[in-house]
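Sequential numbering from 7 applies to the sequence shown in this note's numbering. Glycine residues also receive a C-beta, built at the ideal position from the N, C-alpha and C atoms. None of these values were measured; they are calculated from a predicted model. First up is the structure itself, then whatever we jot down about it.
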Amino acid sequence: MRYFSNALTALAMLGAVAQAQAAPMTNQYEELSHRLLAGLPTTSIVDLDRCKVRPDPPGKNPVSSGLTVGHVIKDFKMVPGPHAMIAYNQQRLITGPSNLPILEVFEYGVMPDDKAIVTMRELSPKTYRQLSEPINFLCQVGTALRFEPATGIMPADKG
């Protein structure tokens with residue numbers, strides 16, 4: 007009888023540990039940190055219409071309506087301390103209104119409070135001279151800025 011009681015207690019403890027390990031992380035910052043440090047492929051998708059332009063400009067959002075930007079996070083930096091953040095960026099060559107090439111750079115800073123600063127810059131691809139003033143967006147992680155594949159929906163490794 008005592009053996010059965012000990013076995014039942016051990017089984018209950020194992021179940022509690024397994025449940026604690028399987029509990030989904032509610033903090034997007036921690037989840038992103040774990041995914042990147044584990045080397046899991048992660049795509050960053052930002053819907054700029056859902057972000058606030060910082061500082062608040064008069065009128066509407068200076069970026070064309072409906073702009074969504076996405077890319078695989080290849081390089082990142084974990085910044086520790088009182089201003090902790092996960093920083094990464096993306097750049098791509100686009101054609102501007104006058105059919106001239108523009109180097110478009112997006113810089114991301116994801117903070118532990120599940121907010122992110124996204125800065126959009128347009129540079130000359132030849133001289134890296136700034137072509138316009140940078141635009142800073144304040145985005146809520148999980149809605150305006152999200153990471154795919156979403157945990158639990160699709161395995162990161164199709165091995």
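Beta-bridge pairing by DSSP links F153 to S50. In this structure, G115 sits away from Q34, with a CB-CB distance that is not shorter than 9 angstroms. Taken through DSSP and simplified to helix, strand or coil, E139 comes out as coil.
Counting only residues of its own chain and dropping the five nearest sequence neighbours on each side, V78 has a CB closer than 6 angstroms to the CB of T49. Its Cα nearest to that of L73, the residue A150 stands out among L99, P131, A150 and A156. Here E37 is buried: its Cβ has 16 or more other Cβ atoms, across all protein chains shown, within 10 Å. Taking 9 angstroms as the cut-off, the Cβ atoms of N105 and T125 do not count as close.
The beta carbon of L137 is closer than 7 angstroms to those of I108, E128, L129 and S130 in its chain, skipping five residues each way along the sequence. Put simply, the backbone Cα of M84 is about 19 angstroms away from that of C145.
Comparing alpha-carbon positions, the option among P118, E110 and P88 lying closest to Y134 turns out to be E110. Taking 8 angstroms as the upper bound for CB-CB distance, Q96 and F112 are in contact here, some 5 angstroms apart.
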